[in-house]
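Chemist: I'd like to ask you about the structure that follows.
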Amino acid sequence: MKKPNFQAWLQQKVSDEPEVILAGKLEYLRLYLTDAMREIRNKTGLTQAQLAEKLGVQQAAVSKLESALKEHELESVLHYLHALGADLLVAIKKGDDLYQASDNEGILLVDVPDVVFQKALAANMSVREYVRTAIEKFSSEDYELRTALVKLLESDDSVAVKVRARLGSRTIQEVALELEKCLSLSEEEDRIFAVKNILAANVTGGESNRGTSDKFDEIELLDLAEELLDKLAEF
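Structure (structure tokens):
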């Protein structure tokens, strides 16, 4: 069953009557819920009769639970899902606020903008698949960047040697993480002062504090920051 775009439907004004709006929401909730329940049961390889036996009920009871035309008690739905090793995740949305009502801390329900839905549709992917793929891609890129930064700082490059002389008690990995944050700054001037502050070791990386260093010459630090950024530009 191809799932309808529930959010797009909610944005359409179908009626001014609260009862009609509520009835429509209930209908879509039952469609989504029962479709997911049937899909999970089918993926486990169980027939309605086999699941009914597992639940200790008649097959008609399972059939009723999988019908979008019937009312469903929450306890019965949870019992059905538990027998299949599945959880029900519930959230309440009001405006831009999303409240997760389920107690599964391993999974968070999030509200994504419609542009994400459109991009997922263009990629022929579900929104979940699209978001997971994007996260994996960015995580991989972050790891590769950090590895490259560590490799540079550990090298015999003259700039790397100067940077290591200013590490103090920090490790190369810690400084690489701070430099990674600096590279995310959009303005070149902000990046320079952020790197300078890391070299001065008097503020945390990623900030754009243009204060002076008590320990090192300001011009010397800025020159080294620019040299280091030139090296990092290729990343």
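If you want the working numbering, it's the 1-based position in the sequence shown plus 4. We treat Cβ as the ideally placed atom computed from N, Cα and C, and that holds for glycine.
(1) Would DSSP call E21 helix, strand or coil?
(2) With a Cβ-Cβ cutoff of 7 Å, do S67 and Q52 count as a contact?
(3) So for I44, helix, strand or coil by DSSP?
(4) Would you mind working out which of Y134, D146 and I96 sits nearest V119, comparing C-alpha positions?
(5) Assign D101 to one of three DSSP states: helix, strand, or coil.
(6) State the Cα-Cα distance for the pair H83 and L59, rounded to the nearest angstrom.
(7) Leaving out five residues before and five after R195 in sequence, what residues of the same chain have Cβ atoms less than 8 Å from its Cβ?
(8) Taking only runs of the beta strand (DSSP E) that begin and end inside the segment 84-169, which ones reach a length of at least 3 residues, in chain order?
(9) Which residues in the same chain as D115 place their Cβ atom closer than 7 Å to its Cβ, once the five residues preceding and following it in sequence are excluded?
(10) Of all the options L236, L113 and L85, which has the alpha carbon lying nearest to the alpha carbon of L50?
(11) Whose C-beta lies closer than 6 Å to the C-beta of R214 among residues of the same chain, with five residues either side of it excluded?
(12) Give me, in chain order, the residues of the same chain whose beta-carbon lies closer than 7 Å to that of S80; leave out the 5 immediate sequence neighbours on both sides.
(13) For T38, does the three-state DSSP call read helix, strand or coil?
(14) Taking 7 Å as the threshold (C-beta atoms), are L93 and S106 in contact?
(15) Of the residues E57, E75, L73 and S71, which one's Cα is nearest the Cα of A87?
(16) Excluding the 5 residues preceding and the 5 following Q177 in the sequence, name in chain order all residues of the same chain whose CB lies nearer than 7 Å to its CB.
Modeler: Inspection of the coordinates gives the following:
(1) Start at 1 with the first residue of the sequence shown, and residue 21 comes out as number 17. The answer is coil: DSSP assigns E21 none of H, G, I, E or B.
(2) As a first step, residue 67 is located in the sequence shown; it is residue number 63 there, counting from the start. As a first step, residue 52 is located in the sequence shown; it is residue number 48 there, counting from the start. Cβ distance < 7 Å, so S67 and Q52 count as in contact.
(3) Working through the sequence shown from its first residue, we reach residue 44 at position 40. Helix at I44.
(4) Numbered from its first residue, the sequence shown carries residue 119 at position 115. Of the candidates Y134, D146 and I96, the one whose C-alpha sits nearest the C-alpha of V119 is Y134.
(5) Looking up residue 101 in the sequence shown gives position 97. Strand.
(6) Translated into positions along the sequence shown, residue 83 becomes position 79. Translated into positions along the sequence shown, residue 59 becomes position 55. Going from the Cα of H83 to the Cα of L59 covers about 8 Å.
(7) Your numbering for residue 195 matches position 191 in the sequence shown. These residues qualify, in order along the chain: C186, L187, L189 and L233.
(8) 95-98 and 101-104
(9) Looking up residue 115 in the sequence shown gives position 111. Excluding sequence neighbours, D115 sits near K97 and L102.
(10) Here residue 50 refers to the residue found at position 46 of the sequence shown. The shortest C-alpha separation from L50 is found at L85.
(11) Here residue 214 refers to the residue found at position 210 of the sequence shown. At R214 the pLDDT is 45, less than 50, meaning the model places this residue with poor confidence; the figure from the coordinates comes in the next sentence. Answer for R214: F197, listed in chain order.
(12) Reading the sequence shown from its first residue, position 76 is the one you call residue 80. Here the set comprises L69.
(13) Numbered from its first residue, the sequence shown carries residue 38 at position 34. T38: helix per DSSP, three-state reduction.
(14) Numbered from its first residue, the sequence shown carries residue 106 at position 102. Numbered from its first residue, the sequence shown carries residue 93 at position 89. In contact: S106 and L93 (Cβ atoms closer than 7 Å).
(15) For the purposes of this step, residue 87 is taken as the residue at position 83 of the sequence shown. The option with the nearest alpha carbon to A87 is E57.
(16) Along the sequence shown, one-based indexing puts residue 177 at 173. Here the set comprises V154.
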